[in-house]
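For the sequence shown, my numbering gives the first residue as 606, with consecutive numbering after it.
Glycine included, every Cβ here is placed at the ideal spot set by N, Cα and C.
Values in this document were obtained by computation on a predicted structure and should not be read as measured data.
The block underneath contains the structure these notes are about, expressed in structure tokens.
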Amino acid sequence: MRERLKKMLLPGKRQIIKILMLAAKIAVGSSIAIYVAELLELQFSASAGIVTLLTLVTTKRGTIKLALARFVTFAVVVLFSWITFIPFRSEWLAFGVFIFLTVVMCQVSGWMATLSVNAVIGTHFLTTLDFSPSFFLNEFLLVFIGSAIAFVLNLFHHNRSQEEHLRDKMAYTEEQLQFIFGEVAAYLSNKIMEVDVWGHVGRLEEAIREYIREAYEYQENSFRADPEYYIDYFEMRMDQCKTLYNLHSGMWWLRIVPDQARLVADYMLYLADHVTELNVPGPQLERLEEMFEDMGKEPLPIDREELEGRAILYHIMKSIQDFLLVKKRFVDIHFPEKAEEKN
């Protein structure tokens, strides 16, 4: 428990590098934005740095969406400023009405991320009460400079290392599944499990949840043709882990291991070698179907215990089949040409 808490509270090396890179980008980007605004002799030049800061915390795709949203809402914010700041003599009352209208607009449009910058722009108009074309251009340039610099800096994202990291985690996930199958095969061969396999499955699930989060982050920072691939891969492995729990429930009730269990154990060792990213599970499904047919040809059980053992073994085999079908759906979506070759 203490080690788990320590792991949660203390960031790893990769996370520290990520934090430092983001901090550096924000610091450099904000400084450049202010410098450019000062070169253009814009009023409230520091606000360009704020726009960059608030935009850089997003992903590549998020930066584009947020920049477009800022430009769309900018004109509306200027209109709100004009209809609230001119008629009201009280600044606090005028700003309250302005914020009310701006929040409603951002909430309805789903662009709440633009609220902070819109509020800053509103304070500029409130301070100057200048609605001339030149000041309008001044405010637009502050938003444009801040967003543009954030976009350029977000292009320099460690996508290659992030993709390598995801691929390493794919290999790790496959190794863990192979290990789990090996241990289950040992149990079905009447050997004692030396580890808590089902606790191992739970820890693997927890790890895969983190990999899914990282895959979503990679997707949002990638312009590749199929960025959802890694998300789908880890979600597929998560679904496979869930089928293992069904397998577990069957093994929990297995008090006497039937003779046919050794065949299932051999099959699981065979299957472990094929728990890989690019494997098309057609042959494994065919071999499992043959095992179902062979089991149906076996002599009838001679007593209740043997009947229950075979029923539970059948349940285990169905769980293995579900495990393979999850992978088949993944292959059908991402590698349809491979799926057709096997059919």
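Exposed or buried, residue i, counting other C-beta atoms within 10 Å across all chains shown (16 or more means buried)?
{"i": "Ile624", "result": "exposed"}
{"i": "Asn795", "result": "exposed"}
{"i": "Arg814", "result": "exposed"}
{"i": "Ile622", "result": "exposed"}
{"i": "Gly901", "result": "exposed"}
{"i": "Glu788", "result": "buried"}
{"i": "Lys618", "result": "exposed"}
{"i": "Gly701", "result": "exposed"}
{"i": "Ala653", "result": "buried"}
{"i": "Leu647", "result": "buried"}
{"i": "Leu771", "result": "buried"}
{"i": "Ser739", "result": "exposed"}
{"i": "Ala638", "result": "buried"}
Give the straight-line distance between the Cα atoms of residue i and residue j, rounded to the nearest whole angstrom.
{"i": "Ile836", "j": "Tyr823", "result": "9 angstroms"}
{"i": "Leu580", "j": "Val641", "result": "The structure shown does not extend to residue 580, since the chain spans only 606 to 948, so no value can be given for it."}
{"i": "Pro888", "j": "Arg818", "result": "32 angstroms"}
{"i": "Thr733", "j": "Ala755", "result": "27 angstroms"}
{"i": "Gln712", "j": "Met626", "result": "31 angstroms"}
{"i": "Tyr872", "j": "Leu793", "result": "11 angstroms"}
{"i": "Trp687", "j": "Leu661", "result": "30 angstroms"}
{"i": "Glu769", "j": "Glu833", "result": "15 angstroms"}
{"i": "Ala790", "j": "Val802", "result": "11 angstroms"}
{"i": "Val677", "j": "Thr881", "result": "47 angstroms"}
{"i": "Glu696", "j": "Phe690", "result": "7 angstroms"}
{"i": "His853", "j": "Tyr777", "result": "22 angstroms"}
{"i": "Val681", "j": "Leu883", "result": "51 angstroms"}
{"i": "Glu942", "j": "Glu898", "result": "29 angstroms"}
{"i": "His939", "j": "Met775", "result": "16 angstroms"}
{"i": "Ile669", "j": "Ala651", "result": "22 angstroms"}
{"i": "Gln620", "j": "Tyr816", "result": "13 angstroms"}
{"i": "Ser737", "j": "Pro692", "result": "17 angstroms"}
{"i": "His920", "j": "Met717", "result": "50 angstroms"}
{"i": "Ala870", "j": "Val800", "result": "17 angstroms"}
{"i": "Ser635", "j": "Gly667", "result": "18 angstroms"}
CB residue i to CB residue j, shorter than 8 angstroms?
{"i": "Ala724", "j": "Ile750", "result": "no"}
{"i": "Leu874", "j": "Ile925", "result": "no"}
{"i": "Gln781", "j": "Ala877", "result": "no"}
{"i": "Val885", "j": "Ser752", "result": "no"}
{"i": "Glu810", "j": "Met843", "result": "yes"}
{"i": "Val722", "j": "Leu659", "result": "yes"}
{"i": "Val931", "j": "Thr848", "result": "yes"}
{"i": "Leu706", "j": "Phe679", "result": "no"}
{"i": "Val709", "j": "Leu720", "result": "no"}
If you compare alpha carbons, which of the options is closest to residue i?
{"i": "Tyr850", "options": "Ser752, Val806, Ser714 and Met841", "result": "Val806"}
{"i": "Glu825", "options": "Arg675, Ser737, Leu658 and Leu671", "result": "Leu671"}
{"i": "Arg675", "options": "Glu744, Glu840, Phe940 and Arg694", "result": "Glu744"}
{"i": "Gln767", "options": "Leu706, Ala776 and Ala820", "result": "Ala820"}
{"i": "Leu868", "options": "Gly715, Pro738, Gly654 and Leu918", "result": "Leu918"}
{"i": "Met922", "options": "Glu891, Leu644 and Gln648", "result": "Glu891"}
{"i": "Leu645", "options": "Phe690, Thr707, Ala699 and Leu747", "result": "Leu747"}
{"i": "Ala916", "options": "Val936, Val931, Ile938 and Ala866", "result": "Ala866"}
{"i": "Ala812", "options": "Lys933, Phe690, Phe839 and Phe786", "result": "Phe839"}
{"i": "Phe962", "options": "Ala699, His920, Gln845 and Ser714", "result": "Look at the range of the chain in this structure, 606 to 948, and you will see that residue 962 is not part of it."}
{"i": "Ala698", "options": "Pro738, Leu731, Leu720 and Ala628", "result": "This sequence places Leu at residue 698; Ala is not what is there. Comparing Cα-Cα distances from Leu698 to each of Pro738, Leu731, Leu720 and Ala628, the minimum goes to Leu731."}
{"i": "His602", "options": "Phe741, Ser827, Ile631 and Ala638", "result": "No answer is possible for residue 602: the residues shown for the chain start at 606 and end at 948."}
{"i": "Lys665", "options": "Asp927, Ser827 and Asp937", "result": "Ser827"}
{"i": "Phe928", "options": "Asp937, Ala628 and Met841", "result": "Met841"}
{"i": "Gly727", "options": "Lys933, Phe649 and Gly634", "result": "Phe649"}
Quick one: is residue i near chain B, going by C-beta distance under 8 angstroms?
{"i": "Tyr640", "result": "Although the question refers to chain B, the structure presented lacks it and comprises just one protein chain."}
- In chain order, each alpha helix (DSSP H) run of at least 4 residues that lies wholly inside the segment 789 to 830: 802 to 825
- Item | 4 or more residues per run - each alpha helix (DSSP H) lying fully within the segment 686 to 767 | 696 to 714, 720 to 733 and 738 to 760
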